[in-house]
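Peer 1: Here it is, the structure in full.
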Amino acid sequence: MKTNFIKLLFVAFVSVSLFSCKDKAKEAETSAAEAVIEAAPEATTYNADLSASKIAWKGFKPTGEHYGYISLTEGVLNTTDGEIAGGSFTIDMKSIMVTDIPAEEKGNAKLVSHLSNEDFFDVEKYPTATFKITGIEKQEGKTLLSGNLTLKEATNNVTFPVTVTNTGDVLTLESETFTIDRTKWNVEYGSKSIFDNLGDKFINDDIELKVSLKASKS
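Numbering follows this note's numbering, with no gaps: position 147 of the sequence shown is 570.
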């Protein structure tokens, strides 16, 4: 009986491990800030459609996950010969939305308030975050976009795969789902890599993100 129980635990552990590895998005390559690409005089400018652009987010803890969206306040993409050659967008941190809890439930407003206060993003002090493109390259059949992400007075360069579609008048940029380590941007609440007395009350350092940007020729 004891042997069978141990085998059952082992199978359960392996199953959970495989499931977790399979579902975990790849962490974006993160490094020190780099020089931002300046648009050439002949570059074509596309302005973001704010109603059709957003960033999906997901956070994890031992007891589950939460997810939602963040909006943009502005965004510009520049192209040369139809290829992205610079740009930036500004993230409206006050627009944090939770979608895994029904909007009418108290838990929704409570979580939005918690994410917005000093524990997490402190949106009154830091109402916006920015992403400024520093490079784009093709690698192993994928397009990799790099840019400086500035959040809560911290700036790091992140690189992640994107799909870009250019119809001439409309430019869309869709990233693969990726993660960033929030502690690199001074978001430390509930991090067991920062605090050693949390037990199982921690919140994962990784935040999952997916960028969707639609822009029209100006």
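Even for Gly, the Cβ is constructed at its ideal location relative to N, Cα and C.
Note that the structure is predicted; figures quoted are calculated from it, not measured.
1. Excluding five sequence neighbours on each side, which residues of the same chain lie with their C-beta closer than 8 Å to the C-beta of Lys425?
2. Is Ser443 helix, strand or coil by DSSP?
3. Where Ser614 and Lys624 are concerned, what is the direct C-alpha to C-alpha distance, given to the nearest angstrom?
4. Considering just the uninterrupted stretch of the beta strand (DSSP E) at Gly622, what are its terminal residues?
5. Near Asp542, which residues of its chain fall below 6 Å by C-beta distance, leaving aside the five closest residues on each side in sequence?
6. Apart from the five residues on each side of it in sequence, which residues of its chain come closer than 8 Å, Cβ to Cβ, to Ala466?
7. Is Asp568 buried or exposed, if buried means 16 or more other CB atoms sit within 10 Å of its CB?
8. Specify the secondary structure class of Lys607 as computed by DSSP and reduced to three states.
9. Can you tell me which of Thr606, Thr595, Asp619, Asp628 puts its alpha carbon nearest to the alpha carbon of Lys477?
10. Unbroken beta strand (DSSP E) runs of length 3 or more, entirely within the segment 553–621: which are they?
11. With a Cβ-Cβ cutoff of 8 Å, do Thr573 and Thr496 count as a contact?
12. Are the CB atoms of Phe583 and Phe554 nearer to each other than 8 Å?
13. Give me the Cα-Cα distance between Ile493 and Asn620, rounded to the nearest whole angstrom.
14. Let me check understanding here. Comparing Cα to Cα, which of Leu538, Glu631, Ala577 lies closest to Ala451?
15. Taking buried to mean at least 16 other C-beta atoms within 10 Å of its own C-beta, is Ile626 buried or exposed?
16. Under a three-way DSSP split, which group does Gly491 fall into?
17. Which residues in the same chain as Gly498 place their Cβ atom closer than 8 Å to its Cβ, once the five residues preceding and following it in sequence are excluded?
18. Are the beta-carbon atoms of Leu534 and Ile524 separated by less than 8 Å?
19. What did DSSP end up calling Ser639 once you bin it into helix, strand or coil?
20. Measuring alpha carbon to alpha carbon, tell me which of Trp480, Ser454, Ser518, Glu461 ends up nearest Ser598.
21. Should Thr522 go down as buried or exposed, given a rule of 16 or more other Cβ atoms within 10 Å for buried?
22. Here's a check: name, in chain order, each residue in its chain whose Cβ is nearer than 6 Å to the Cβ of Phe483, leaving out the five neighbours to either side.
23. My understanding is that Thr453 touches Ile603, with C-beta atoms under 8 Å, so please give their C-beta distance in whole angstroms.
Peer 2: From the atom records:
1. Bear in mind that a pLDDT of 46 at Lys425, under 50, signals an unreliable position, so the model cannot answer this.
2. Because the pLDDT of Ser443 is 39, which lies under 50, any placement of that residue in the model is unreliable, and the question is left without a value.
3. 9 Å
4. Per DSSP, Gly622 belongs to no beta strand (DSSP E) and is neither H nor E.
5. Tyr612
6. Asn501, Thr502, Thr503, Ala508, Gly509
7. It is worth fixing the name first, because residue 568 is Leu in this sequence and not Asp. Counting Cβ neighbours within 10 Å, Leu568 comes out buried, since at least 16 surround it.
8. helix
9. Thr595
10. 565–574, 577–589, 593–598, 601–604
11. no
12. no
13. 31 Å
14. Glu631
15. buried
16. strand
17. Asn470, Ala471, Leu473, Ser476, Gly510, Ser511, Phe512, Thr513, Leu636, Ala638
18. yes
19. strand
20. Trp480
21. exposed
22. Asn627
23. 7 Å
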